[in-house]
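Data block below; observations after.
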Amino acid sequence: MDGLELFDADHFGMSASEAAGMGPAQRQVLEVAAESLHPLQGSPDIAVVVGSTQHDWMLLQEPAAYTSAYGGLAINGAVLANRISYNFALRGPSFVVDTACSTALVAVDAACRYLPDVPSALVAAANLLIAPQVFVLYSLAQMLSRAGRCFTFNATADGYVRGEGIVAIQLSANEAKHAEGHLLGSAVNSDGRSASFTAPSGLAQEEMLLAALRACDGPCGHSAPSVVETHGTGTALGDPIEHPTTLEPSQTALSLRLLSSSKTGLGHGEALAGAASLLRLFAQCAAPSIHLQVMNAHFDLRCADGSGCLAFASEAVAARPERGASSFGFGGTNAHVIVRTGAATPPARRASELHRRLRLRSLPFPWKVAPAVLDGKLFDVQWTEWREIEEKPSPLKDSDRLIVALLPPDLKDVRLLTGDIRRRSPVESAEEDFGSLPANLAAEVKSPGSSLVLFLRRSGTDAGLLAEEIFELLALSGALCRSRVRAELVVVSQRCALAGIPGEGSPAAAALWGLARSLRLEAPWVRVRLLDTDGPEDLQQLLPLLLNQEAELECAYRRCNPHVLVPRLRPLPAFDGTPPWPPLSGWHLVSGGTGGIGLLAAQALARQAEGLVLLSRRGVIAKQEHALFEELEGRLQRKLQRVRVDVSSLEAMEAVMQQLPELSGVVHAAQAPLGYRDLAGQSREAFLGEYSVRFPFARYLLGALA
119 MDGLELFDAD
129 HFGMSASEAA
139 GMGPAQRQVL
149 EVAAESLHPL
159 QGSPDIAVVV
169 GSTQHDWMLL
179 QEPAAYTSAY
189 GGLAINGAVL
199 ANRISYNFAL
209 RGPSFVVDTA
219 CSTALVAVDA
229 ACRYLPDVPS
239 ALVAAANLLI
249 APQVFVLYSL
259 AQMLSRAGRC
269 FTFNATADGY
279 VRGEGIVAIQ
289 LSANEAKHAE
299 GHLLGSAVNS
309 DGRSASFTAP
319 SGLAQEEMLL
329 AALRACDGPC
339 GHSAPSVVET
349 HGTGTALGDP
359 IEHPTTLEPS
369 QTALSLRLLS
379 SSKTGLGHGE
389 ALAGAASLLR
399 LFAQCAAPSI
409 HLQVMNAHFD
419 LRCADGSGCL
429 AFASEAVAAR
439 PERGASSFGF
449 GGTNAHVIVR
459 TGAATPPARR
469 ASELHRRLRL
479 RSLPFPWKVA
489 PAVLDGKLFD
499 VQWTEWREIE
509 EKPSPLKDSD
519 RLIVALLPPD
529 LKDVRLLTGD
539 IRRRSPVESA
549 EEDFGSLPAN
559 LAAEVKSPGS
569 SLVLFLRRSG
579 TDAGLLAEEI
589 FELLALSGAL
599 CRSRVRAELV
609 VVSQRCALAG
619 IPGEGSPAAA
629 ALWGLARSLR
639 LEAPWVRVRL
649 LDTDGPEDLQ
659 QLLPLLLNQE
669 AELECAYRRC
679 NPHVLVPRLR
689 PLPAFDGTPP
699 WPPLSGWHLV
709 SGGTGGIGLL
719 AAQALARQAE
729 GLVLLSRRGV
739 IAKQEHALFE
749 ELEGRLQRKL
759 QRVRVDVSSL
769 EAMEAVMQQL
779 PELSGVVHAA
789 QAPLGYRDLA
799 GQSREAFLGE
809 YSVRFPFARY
819 LLGALA
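In terms of my numbering, the sequence shown is residues 119 to 824.
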């Protein structure tokens with residue numbers, strides 16, 4: 119779900135600090151509850167039951183969050199319902215239900231028990247996919263589908279796909295208020311001791327269905343559902359158990375005509391799965407089971423009365439308005455709700471009802487709306503008012519993005535447009551001030567959608583100068599990785615990219631692009647864009663491209679070309695058995711040649727190369743690589759040389775190169791002794807150590823082999 123960080127704190131009477139301390143689930147549930155409670159105004163005796171298993175936000179909190187006065191409320195899911203009751207002054211029962219996947223239907227059952235004492239109840243359910251750790255845990259438990267699809271009822275069902283959303287349902291003791299449908303009965307029970315802690319129990323599911331039928335008003339035969347929204351997560355164990363138990367109770371089987379599952383199209387909403395099923399029943403639509411290709415062999419498709427086969431894809435066969443929904447928690451809590459759907463409300467009627475709610479009176483000042491002239495509260499009105507000046511400005515697409523304007527000093531009309539702007543924080547380029555610059559820059563872009571444009575000074579080829587420039591980008595990248603700020607970083611470079619022009623581009627300058635691409639992979643919440651130019655004088659002309667949020671991620675601008683250049687993949691011609699490159703010949707050099715990657719490269723080269731030279735710092739073959747090295751020796755015999763040398767020492771490399779035969783190719787696989795580090799944990803010393811091994815040697819080889 120997009121826009122989880124957006125919230126109108128003023129509308130709910132909150133301070134900015136309190137709103138910032140709330141988790142996204144609290145904010146979104148409060149907004150959905152505000153819309154759902156609008157028709158129920160008048161009585162404060164409204165019960166609020168929220169179903170949520172939301173713990174993701176707590177997993178992502180930094181230590182600083184626990185020092186805030188609102189930190190305890192942000193990570194405590196128990197206050198989701200209390201937040202609604204507090205904001206809308208509701209004095210009915212208010213609590214949160216968490217029974218894993220059956221949460222929403224258990225919340226409906228709990229709310230129904232209070233309806234004799236309160237006139238109305240609000241049931242909400244929320245499930246937001248925020249923390250990646252939950253995906254990892256569910257994958258380790260083999261709960262998620264490897265194919266990324268919910269194959270409910272299908273023979274190849276192997277797990278479910280996680281879904282997210284927020285749902286609110288109004289329950290009322292007054293039947294006249296709810297034409298969408300009526301809740302006939304519900305039941306909740308537990309598996310008890312089943313085959314394993316997470317294994318479903320067919321016996322418990324059957325008992326739950328019978329209990330729900332007994333809870334319905336009137337004889338069971340008149341309330342048996344003709345349509346059942348099954349739990350149907352698409353697991354190899356759960357589906358075959360649920361199918362026969364749904365058919366087992368005799369009264370249910372005699373009426374049942376359709377089995378459906380919302381999870382094939384919506385995914386498994388977990389805490390809100392049951393609410394999604396109820397909404398589908400009230401909407402009187404059952405989408406086809408889109409991934410049903412080969413029916414599970416354990417399913418019996420015959421109806422109990424012998425009238426035909428059960429349907430899985432269309433609701434045309436359902437003649438009765440009674441429908442049921444099932445949900446099963448993986449901890450063993452089961453729930454079933456039976457409803458009777460009413461006549462569907464025509465879309466034209468709903469539109470006319472909404473139109474009658476909105477009545478505005480003409481006012482002297484169009485940018486002010488007084489609450490006294492409205493028949494109730496005003497919802498979902500968005501407008502923008504521009505002050506009249508001599509030249510009207512064009513609306514900005516994204517007001518929170520970085521805006522650069524070059525204005526003459528005598529432009530007095532600017533005073534009419536003053537307002538809140540982002541503060542510029544210039545930092546001197548002295549070495550002692552640079553240590554705090556990355557953290558300061560990351561703090562400056564904490565608002566979502568902010569852009570940070572980094573202009574690199576020049577594109578020299580001197581190793582020392584370039585290492586300092588790369589380290590500036592490295593430090594900023596580490597700060598963005600650690601702070602997890604959602605922002606946009608635009609790196610503007612000079613002739614770093616190979617744009618198809620002979621003689622341009624240098625490996626040293628292109629290292630900047632390589633580092634920026636690494637940031638894009640390690641911090642997907644940062645949108646990294648790369649723009650390469652001929653020089654600083656092109657920046658003013660490229661300003662629209664800089665500020666265009668929908669621009670390509672990688673662009674190059676050359677004055678000799680009227681078009682902005684972007685990378686594209688081109689299809690190769692059909693392979694006819696002849697490689698498109700010339701065959702290998704002569705001697706080849708492999709740096710890091712005794713390591714795992716180096717030996718694999720050597721093995722591939724040995725098939726055609728005349729001889730190989732393996733360079734390494736220690737010259738030692740690891741125990742697990744002995745067999746591979748002996749194979750190389752057997753194939754090349756005397757045309758395999760192993761040389762011990764530190765490739766970061768150019769003097770030592772020059773001495774070695776003078777003794778080697780003429781080389782036809784090089785594989786640079788040398789690694790730094792410190793090993794791999796991600797950008798968040800990278801230090802200046804570790805980076806320079808890696809850089810000193812790879813870059814100077816690569817540049818030396820380019821000159822030596824030219």
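All C-beta atoms, glycine included, are put in the ideal place defined by N, C-alpha and C.
By alpha-carbon positions, which one of the options ends up nearest to residue i?
i: E153; options: N452, V241, S212; result: V241
i: I588; options: A605, L637, S601; result: L637
i: G356; options: P642, L328, S312, A342; result: S312
i: A244; options: A229, Q721, D227, A151; result: A151
i: A827; options: A199, A275, S220, A394; result: No answer is possible for residue 827: it lies beyond the span of the chain, which begins at 119 and ends at 824.
i: C268; options: G752, I408, Y675; result: I408
i: L396; options: A286, Q323, H416, I359; result: A286
i: H416; options: I359, A443, L410; result: I359
i: A354; options: L820, L302, S601, R264; result: R264
i: P142; options: S133, M176, V166; result: M176
i: R458; options: N452, L384, L301; result: L301
i: D120; options: D235, L246, P701; result: L246
i: V236; options: L328, V167, A222; result: V167
i: A229; options: V682, S220, P211; result: P211
i: A825; options: F271, G277, T270; result: In the structure as shown, the chain starts at 119 and stops at 824, and residue 825 therefore has no counterpart that could be examined.
i: E606; options: D650, G195, E668; result: E668
i: D650; options: S220, V644, V682, L639; result: V682
i: V644; options: M132, C678, A597, V610; result: A597
Once the 5 residues before and after residue i are set aside, which same chain residues still bring their CB inside 6 Å of it?
i: K757; result: G729
i: S319; result: D309, S312
Quick test of your reading: residue i and residue j, contact by CB under 8 Å. State the CB separation rounded to the nearest angstrom.
i: S135; j: Y188; result: 7 Å
i: A249; j: D174; result: 4 Å
i: R613; j: D652; result: 7 Å
i: E347; j: L289; result: Contact flag wrong, Cβ pair sits at about 18 Å.
i: A641; j: L591; result: That belief does not hold up - the Cβ atoms of A641 and L591 are roughly 13 Å apart, past 8 Å.
i: V224; j: T217; result: 5 Å
i: C875; j: A798; result: The question about residue 875 has no answer, for the chain in this structure spans 119 to 824.
i: A222; j: S378; result: Actually they do not touch by this definition, with Cβ atoms about 17 Å apart.
i: T270; j: G392; result: In fact, because the Cβ distance is near 15 Å, the residues do not count as touching under 8 Å.
Output the distance between the C-alpha atoms of residue i and residue j, rounded to the nearest integer angstrom.
i: S170; j: M140; result: 15 Å
i: F125; j: M413; result: 45 Å
i: L481; j: V215; result: Below a pLDDT of 50, predicted positions are generally treated as unreliable, and L481, at 33, falls in that range; the measurement from the model is reported next regardless. Each residue's Cα considered, the two are about 47 Å apart.
i: A273; j: V345; result: 22 Å
i: E440; j: S257; result: 37 Å
i: F805; j: I715; result: 21 Å
i: L823; j: Q726; result: 20 Å
i: P680; j: G632; result: 26 Å
i: A674; j: A628; result: 12 Å
i: S776; j: S703; result: Looking at the sequence provided, one finds Gln at residue 776 rather than Ser. Each residue's Cα considered, the two are about 20 Å apart.
i: H386; j: T316; result: 17 Å
i: V254; j: A453; result: 27 Å
i: R760; j: L778; result: 11 Å
i: L178; j: L718; result: 40 Å
i: L648; j: L665; result: 13 Å
i: G266; j: E388; result: 16 Å
i: L663; j: L819; result: 37 Å
i: W501; j: V603; result: Per-residue confidence for W501 stands at a pLDDT of 46, beneath the threshold of 50, marking its modelled position as unreliable; no derived number is given.
i: R686; j: H786; result: 26 Å
Within its chain, find whatever has a CB closer than 7 Å to the CB of residue i; leave out the 5 residues flanking it on each side and keep chain order.
i: E670; result: V684
i: D764; result: R735, A770
i: A720; result: V708, G711, L730, L732, L750
i: F206; result: L155
i: R209; result: P162, D163
i: G426; result: Residue confidence is low: G426 scores 40 on pLDDT, short of 50, so the model does not pin down where it sits. Its coordinate-derived value is still stated next. Excluding positions up to five away in sequence, the list is empty.
Measuring only from the beta carbon, is residue i closer than 7 Å to any heavy atom that is part of the ligand FAD?
i: S782; result: This structure simply doesn't include the ligand FAD, nor any ligand for that matter.
Taking 8 Å as the limit between beta carbons, can you name the residues of its chain near residue i, skipping five residues before and five after?
i: A330; result: G303, S304, A305, G442, H454, V455, I456
i: Q172; result: G141, A143, G195, L198, A244, N245, L246, A389
i: G131; result: N205
Beta strand (DSSP E) segments (min. 3 residues) lying fully within the region 260 to 331: 283 to 290, 299 to 308
Minimum length 3: unbroken beta strand (DSSP E) runs contained in the region 764 to 796: 781 to 786
Considering only residues of the region 642 to 698, which uninterrupted alpha helix (DSSP H) runs meet the minimum length of 4 residues and lie entirely inside it, listed in chain order? 661 to 665
What residue ranges within the region 174 to 245 form continuous beta strand (DSSP E) runs of no fewer than 3 residues, ordered along the chain? 212 to 215, 238 to 245
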